[in-house]
Every structure is written in structure tokens, then in C-alpha cells.
């Protein structure tokens with residue numbers, strides 16, 4: 001069998017976002033193209049036991065099923081593409097009839113539409129990214145969009161003016177003066193229903209199409225942490241405030257039959273911004289708590305670098321008095337059913353699955369999910385949890401390439417809690433031989449690892465490394481109390497990781513204790529920085545998109561001003577000692593471990609300065625260090641960065657490990 005190589009992730013097809021129409025399933029399939037150094041995504045149809053591609057343009061990333069056909073957003077004309085590239089906001093919706101034929105233009109809007117909810121033929125509600133700077137430039141150019149785009153481009157090339165927080169956002173760039181506004185399209189034209197200072201996120205549409213839910217936050221200066229929950233009457237366009245709790249975060253909402261409304265809300269009662277949401281139901285104008293035990297995150301947070309989406313509660317649906325969600329438990333994603341009356345929750349599927357998106361279909365569900373070495377496939381999950389795989393997009397890969405299955409390596413930590421862990425043996429494993437090992441630390445911290453395919457880990461196994469990974473305290477899938485490490489970063493989580501390594505060395509006699517490496521990204525990068533300042537047991541390290549200094553992170557990251565205060569327990573002006581004490585940079589003078597730093601130039605979640613500070617400290621103190629800064633990339637480099645840059649990133653890390661561990 002062939003060994004996994006650096007480009008292996010590009011061989012996977014990644015189905016996502018299924019939607020049902022009778023016996024038919026529509027979904028998108030995404031793939032990485034190494035030669036063109038980009039991603040392609042097309043619309044597919046599963047019908048009568050077979051899947052076929054409906055588009056070949058590679059530009060369909062989402063779609064909506066309407067009475068007339070499948071609607072998707074795509075710029076097909078040369079002039080439209082030129083306008084968009086020049087900076088003009090433009091959305092062109094295409095309609096593909098169910099009975100076949102070519103897609104035709106349905107309508108166009110001179111704004112950047114981000115989400116849609118259709119409410120009858122030729123009428124829909126939408127959100128669009130709107131810019132105060134664009135509105136001013138267009139007014140100055142007297143409605144000439146081309147002239148406005150050129151003027152705005154010249155102005156931004158000279159100077160960026162910022163006067164609010166956040167002024168930049170990961171994956172979007174500078175967002176100063178930008179809001180997501182609610183609008184309606186009808187009678188061939190669109191208009192906005194919310195003001196220029198209101199940020200909106202669409203919820204769901206009621207079964208009769210009469211009510212639309214959405215969240216809204218009105219702000220200037222600094223964005224609030226909480227938001228309002230609203231209901232729009234789609235006939236009168238009147239908006240009703242139905243907020244569950246003032247100051248809370250309303251994650252998801254869905255109008256149900258009989259005037260009822262379901263919502264998932266983080267009330268932040270006890271565990272702050274990472275608290276698991278509670279499920280509420282509104283009946284007769286009053287809210288009641290349905291489920292709030294803190295045990296469910298109502299989404300999928302299992303990591304993988306060969307899937308296209310990660311489902312949250314937007315995938316929830318109602319049937320026969322139950323609401324259905326994705327939910328992370330341990331290292332797997334379950335389908336969760338919650339009884340609307342009793343609040344009783346039951347798991348319908350899981351057992352090692354990583355479900356990234358799902359919809360109601362037949363008596364059960366259509367899901368895009370992965371298990372073990374297989375990539376994501378479209379499958380049917382019955383009401384009893386039975387599985388029937390409907391596609392074979394990635395089956396040939398599993399048969400052609402060598403795969404090292406993760407082996408469970410669970411242990412009980414110092415707090416009496418069982419921690420899930422795994423070890424991957426090197427490809428071509430030989431009993432009696434000693435191998436170097438890499439500890440890979442997940443991000444978040446409120447995410448998890450599972451037993452599903454992870455390209456970087458399989459690449460390292462193919463090159464002769466054992467790979468260790470676990471879900472320490474602070475991660476998802478174990479309830480609120482387990483996830484809560486506020487003000488204690490680097491304490492129990494670090495202890496769990498070190499105990500896990502000790503456990504691996506005791507149980508896996510093939511691992512060479514003198515040849516250990518450590519790596520991780522985001523929170524995993526923070527923890528890598530922390531590890532090298534608190535132990536010298538690792539011969540080398542690779543810190544990716546990390547945090548090194550909570551003070552600078554607090555005052556530069558897109559989420560810094562509220563995330564840092566919540567997670568490390570204070571502000572620099574009143575709690576500097578506590579914040580600095582949880583900053584890896586405070587311990588940089590202890591580091592002797594050769595360390596590689598990987599960071600992206602446009603990472604606004606963990607800004608570039610975080611990696612630079614740690615590199616600077618080590619380099620100045622004579623510790624072997626190297627830093628790779630990826631231009632044009634952001635915090636998502638390892639998962640959705642340009643394919644060639646993903647290869648370069650992985651090559652840099654792997655060669656660093658090989659240089660120091662072999």
C-alpha cells in the first residue's frame with residue numbers, strides 16, 4: 001500500500017450541507033486542487049441510489065431549495081467577476097430547475113448577501129455585509145459604483161481609519177464600520193429592515209412562513225457580548241423583541257408551529273462565554289427552560305482537516321414533539337433528540353462518528369459524516385441509529401493508502417476524571433523497535449479530538465513517528481464543569497497532558513522517551529508555548545498560531561477584549577499579576593527547547609505579534625528558533641488555507657521534528 005504524503009488531504013472529497021426534497025438529497029462537495037492552489041465546490045444530487053454532480057463551475061458553496069428549483073449564489077459573467085474583484089458589493093442568485101437544464105439568473109442585488117430565507121415565490125429575507133465606508137464612497141460618487149470602488153481602494157491603500165471594536169476579524173479582514181443587516185427582496189427590488197449600526201444573524205422561518213427569527217445587536221464603539229432575539233412578521237414586517245435573557249448570547253432559534261419558538265441561549269450564569277447553551281421554548285408569550293443541565297454543547301467540535309464544515313445548532317430540526325441537534329460527547333458527534341415537553345435528551349447515533357452536518361430525511365436523517373480512515377461520506381442514519389453509507393467518494397483512498405488506526409489510551413487524571421487519549425503507531429510498525437513521538441495538542445480549548453481521520457497525524461505516522469493526542473481538562477464533550485479552566489490556564493490542562501505522556505510511555509514500550517516532540521495550534525499553540533516554559537522533556541516543539549501574552553492578546557485580537565477577560569480572569573489594569581502569570585511569555589527565560597513558530601500574516605484571532613513575541617524572546621536568549629510567516633493566510637491555515645501553503649506548513653513542522661528527533 002502507498003504511504004500518506006504531504007498532499008494526501010487533497011485526495012479527499014468533502015460532501016457537506018445536505019438538504020432533502022422528498023426522496024432526493026442535495027448537497028455540496030468540496031475539494032482542494034493543488035495545481036490551481038484553490039478549492040472547488042459543486043452542487044450534487046443523490047437520487048435512486050446514485051449521486052451525480054449538477055454543476056461543474058466549482059463556485060457553489062451553499063444553496064437553498066425553493067418551489068421552483070435550487071437557488072445558489074454565483075458570479076458567472078466576466079463583467080460581474082470584474083466588478084466583484086474591483087470591490088463592488090454584488091450578489092447574483094442562480095436558479096437550477098429540478099427537472100434539469102442549465103441554471104439561469106434569478107436576481108441580482110448590489111450588496112454582499114450572506115444568508116437567505118425564502119418566503120414565497122420571488123420573495124426572500126436575507127442578511128448582507130454592509131460597510132459604512134462603502135455607503136459614503138457611493139454617495140460621494142453620486143451612485144457610480146465603479147468610481148466608488150476605485151476611490152475606496154485608493155483611500156484604503158493610503159490609510160485605514162478605525163474607531164470601533166472589533167476593527168478587524170479573522171477570515172474577513174478589516175470590519176470597522178461593517179454590519180450584517182437584515183433585508184427583504186420582493187417585487188424585483190431589495191431594501192433593508194434594520195439600521196446601519198445593527199448586526200443581524202438569521203435564525204429560522206416558521207412552517208407557515210409567517211415568522212422569521214433573528215438575533216440583533218445595536219452598537220457603536222464596542223460590540224456587545226450579548227444580543228437580542230427578535231421575531232419578524234413576514235407580512236407586516238413588524239419586529240418583536242422576544243429576548244430570553246438580557247445580555248445573553250442567543251446562539252440559535254427556530255419558529256415552530258402554533259406560534260411557538262425554540263432557542264439555544266448561553267445565559268453565562270456560571271461558566272462565562274464558553275458555557276454550554278440552554279434550550280428554551282416560548283409558548284403563549286412566555287419562555288420556559290426545556291434543557292439546561294450543561295452537559296450538551298449542541299454542536300460538533302470534533303476536529304479534522306479533511307472535512308468542509310463543522311455543524312452547529314443551525315442543523316437542528318423538529319419532528320413529532322422532539323428537536324434534533326448535533327452534540328459532542330467524548331470524542332464523537334452524536335445526533336441528539338430532545339423532547340420539547342419533558343426536556344429528556346437521548347442520543348440517536350454516535351459510536352465513533354464525526355458528523356459535520358445533517359438534515360431530517362425519511363424516518364431518520366441524512367448526514368455528512370466520517371468514521372475511522374474514511375473521509376466524509378453522505379449516509380442515512382435511521383431512527384434506531386443504524387447507518388447506511390450512500391456514497392463512496394473516498395473509499396478508494398482507504399483501500400490504496402496505508403492507515404494507522406488510533407488506539408485508545410484513556411487514563412484517570414489527578415481529579416479522578418477519565419481523560420480520552422489515543423496513540424497512533426508508526427506506519428510499518430515493528431515490535432521491539434523504538435520510535436520518536438509527537439504530542440499534538442488541540443485548539444479551543446473547547447474542542448476535542450476523536451478517532452476520525454486527521455491528515456497531519458497520519459502523515460507523521462507514515463514518516464515513522466508515533467502520534468499522541470488526548471482531550472485534557474478544558475475541552476468540549478464533558479460538560480460545563482470539565483470545560484471550565486477560566487483563570488487556570490496552564491494548570492490542570494497542563495497536568496493532564498503531562499500525565500498523558502507519562503501514561504503513553506508506560507503503556508507503549510515502543511516510544512522513545514528521549515525523542516519526544518510537541519506541537520499544537522491556537523490554544524494548542526498557547527499550550528505548546530506553556531509546555532516549553534515548564535518542562536524540558538521535549539526535544540523540540542512547533543508552536544502554531546499561538547497566544548504568548550494575554551495582555552497584548554487582550555488589546556489586539558478580534559475577540560481579545562472580552563475573551564481574555566473572561567478566560568484568564570481580569571484586565572491588565574486591575575489584574576496584571578494574574579494575567580501575566582497565565583502568559584507563556586512570562587516563562588520564556590526558562591525555555592531551552594528548540595522551537596519552530598508557524599503563524600499567518602492575517603491571523604486576527606491570535607495575532608501575528610503573539611508568535612513574534614515568543615520567537616523574539618527565545619531567539620534573543622540563544623534558544624534555537626525559527627519562524628514561518630504565511631502571507632495572505634489567517635487563523636484557518638491548517639484547515640482551509642491555500643493548498644500549497646498547507647503543504648508548506650506541514651513540511652516545515654515535519655522537517656523540524658525529523659531534524660531534532662531522528
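Numbering (the UniProt record's numbering), first residue to last: 1 to 662. Even for Gly, the Cβ is constructed at its ideal location relative to N, Cα and C. Just so we're clear, the structure is a prediction, and the values are computed from it rather than from any experiment.
field: Under 8 Å between C-beta atoms of residue 613 and residue 585
entry: Between residue 613 and residue 585, the C-beta spacing is below 8 Å.
- prompt: Does the segment 45-65 touch the segment 411-422, meaning 3 or more C-beta pairs lie closer than 8 Å?
  reply: These segments do not touch.
query: Grouping DSSP H, G and I as helix and E and B as strand, with all else coil, what is residue 107?
result: Strand.
task: Could you tell me whether the segment 460-479 touches the segment 540-551, using the rule of 3 or more Cβ pairs below 8 Å?
output: With a cut-off of 8 Å on Cβ pairs, the segment 460-479 is not in contact with the segment 540-551, counting fewer than three such pairs.
message: Tell me the DSSP secondary structure of residue 502 in three-state form.
response: Of the three classes helix, strand and coil, the one that applies to residue 502 here is helix, per DSSP.
query: Could you give the distance in angstroms between the alpha-carbon of residue 88 and the alpha-carbon of residue 145?
result: Near 7 Å, if we compare the C-alpha coordinates of residue 145 and residue 88.
- prompt: What residue range is occupied by the uninterrupted beta strand (DSSP E) comprising residue 379?
  reply: Start and end: 377-381.
task: Using 10 angstroms around the beta-carbon of residue 649, count the other beta-carbons present and answer buried if the total reaches 16, otherwise exposed.
output: Here residue 649 is buried. Its C-beta has 16 or more other C-beta atoms within 10 Å.
query: Per DSSP, residue 388 forms a beta bridge with which residues?
result: BP columns for residue 388 point to 380.
- prompt: So the beta strand (DSSP E) residue 334 belongs to, where does it begin and stop?
  reply: Unbroken beta strand (DSSP E) run through residue 334: 332-339.
message: Three or more C-beta pairs under 8 Å: does that hold for the segment 568-578 against the segment 625-632?
response: No: the two stretches stay apart, fewer than three of their Cβ pairs being nearer than 8 Å.
Residue environment, residue 395, which counts as buried when at least 16 other CB atoms sit within 10 Å: So residue 395 counts as exposed.
message: Checking the sheet assignment: what are the DSSP bridge partners for residue 534?
response: DSSP output for residue 534 lists no bridge partner at all.
query: Excluding sequence positions up to five away, which residues of its chain have a Cβ less than 8 Å from the Cβ of residue 63?
result: If we look at residue 63 and ignore the five residues flanking it on each side, its Cβ neighbours are 17, 19, 26, 28, 43, 70, 71 and 72.
message: For residue 100, tell me which candidate among 45, 128, 135 and 652 has the shortest Cα-Cα distance.
response: Check the Cα spacing between residue 100 and each of 45, 128, 135 and 652: the tightest is with 45.
Any alpha helix (DSSP H) of 4 or more consecutive residues that is wholly inside the segment 123-167: If you keep only unbroken alpha helix (DSSP H) runs of at least 4 residues inside the segment 123-167, you get 132-140 and 145-158.
message: Quick check: the Cα distance between residue 386 and residue 222, rounded to an integer number of angstroms?
response: Using only the alpha carbons, I get a separation of about 48 Å.
task: List the DSSP bridge partners of residue 627.
output: For residue 627, which the question treats as bridged, DSSP gives the partners 597.
query: Exposed or buried, what is residue 342 when buried is set at 16 or more other beta-carbons lying within 10 Å of its beta-carbon?
result: The residue is exposed, with fewer than 16 neighbouring Cβ atoms inside 10 Å.
query: What's the gap between the Cα of residue 152 and the Cα of residue 128?
result: So the two alpha carbons sit approximately 19 Å from each other.
field: residue 578 versus residue 486: straight-line alpha-carbon distance, rounded
entry: In a straight line, the C-alpha of residue 578 is about 11 Å away from that of residue 486.
message: Less than 8 Å between C-beta atoms, sequence neighbours within five positions excluded: which residues of the same chain meet that for residue 143?
response: The answer is none, since no qualifying residue turns up.
task: For residue 37, collect the residues of the same chain with a Cβ closer than 6 Å to its Cβ; drop the 5 residues on either side in sequence, then sort them by chain order.
output: Same-chain partners within the cutoff: 642, 643 and 644.
field: Nonlocal neighbours in the same chain, by C-beta distance under 8 Å from residue 276, ignoring five residues either side
entry: So the list reads 266, 294, 295, 296, 297, 298, 479, 480 and 483, once near-sequence residues are dropped.
query: CB-CB under 7 Å to residue 202, same chain, minus the five flanking residues each way: which ones, in chain order?
result: Take residue 202, set aside five residues on each side of it, and the residues of its chain with a beta-carbon closer than 7 Å to its own are 115, 117, 127 and 214, in chain order.
task: Quick one: grab the DSSP three-state call for residue 561.
output: Here residue 561 sits in helix by DSSP.
message: For residue 596 and residue 542, which I take to be in contact (beta-carbon distance under 8 Å), what is that distance rounded to the nearest angstrom?
response: Confirmed, Cβ separation roughly 4 Å.
message: Suppose contacts are defined by Cβ-Cβ distances below 8 Å. Is residue 458 in contact with residue 374 by that definition?
response: Against a cut-off of 8 Å, the Cβ pair of residue 374 and residue 458 comes out as no contact.
- prompt: Is it true that the segment 183-199 meets the segment 240-250, where meeting means three or more beta-carbon pairs spaced less than 8 Å apart?
  reply: Taking 8 Å as the limit for Cβ pairs, the verdict is that the segment 240-250 does not touch the segment 183-199.
query: Does the Cβ-Cβ distance between residue 376 and residue 366 come in under 8 Å?
result: No.
- request: Please list the segments of the beta strand (DSSP E) lying wholly inside the segment 82-106, counting only runs of 3 or more residues, in order along the chain.
  value: Qualifying beta strand (DSSP E) stretches, in chain order: 91-97.
message: I'd like to confirm the pairing. Which residues does DSSP put opposite residue 544 in its beta bridges?
response: Partner(s): 521 and 598.
task: Using beta-carbon positions only, say whether residue 179 and residue 199 come within less than 8 Å of one another.
output: Yes.
query: Can residue 120 be considered in contact with the ligand MN, in the sense that its beta carbon sits closer than 7 Å to one or more heavy atoms?
result: Here there are no bound small molecules, and the ligand MN is not part of this structure.
message: Quick check on DSSP: helix, strand or coil for residue 34?
response: Residue state, collapsed to three classes: coil.
field: Residue from 111, 498, 105 and 558 whose Cα sits closest to the Cα of residue 122
entry: For the options 111, 498, 105 and 558, the alpha carbon positioned closest to that of residue 122 is the one of 105.
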